[in-house]
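*Asks:* Take this structure first; my questions come after.
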Amino acid sequence: MQNPDYKRIYEDILLKHPTKKKQCETILSKTTFSVKDVITINDIIFPKANQETESANQRHRSYDKRSIMEILDYQKKNKLNNSELARHYKLSRNTVAKWKKQFLI
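For the sequence shown, the working numbering assigns the number 47 to the initial residue and increments by one for each residue that follows.
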């Protein structure tokens, strides 16, 4: 299965939001997008969703091993506990604990 062309998708979306293009340039300059990049650029373009929309969107997220490792590295670099990391990425504390058990032990 092929990944979507996120660069093309977000360039098309930015045609409707030209004021935010400058903030997204660093991410758009990458050739491949990680899940973390997609989340970041999505937060830039669509800053605040209501609680219901946020909850529905969270259910459909999936993370590959590379993205999980980036998130866990972020935790180490910033000396965050599982709760703080979960809040930052809008994840469950149980998900973070499961990832740590699965990938770091």
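For each residue, glycine too, the CB sits at the ideal point set by N, CA and C.
What number of angstroms, rounded off, separates the C-alpha of residue 89 from the C-alpha of residue 83?
*Replies:* C-alpha separation (whole angstroms): 10 Å.
*Asks:* Assess, as a yes-or-no matter, whether the region 108-120 is touched by the region 72-83 under the definition of 3 or more beta carbon pairs within less than 8 Å.
*Replies:* Touching, per the Cβ criterion.
*Asks:* Just verifying my parser: in three-state terms, what is the DSSP assignment at residue 64?
*Replies:* In the structure shown, residue 64 sits in a helix (DSSP, three-state: H, G or I).
*Asks:* Quick check: what's the CA-CA separation for residue 63 versus residue 49?
*Replies:* Each residue's alpha carbon lies about 24 Å from the other.
*Asks:* Residue 69 to residue 150, Cα distance in whole Å?
*Replies:* Roughly 33 Å separates the two Cα atoms.
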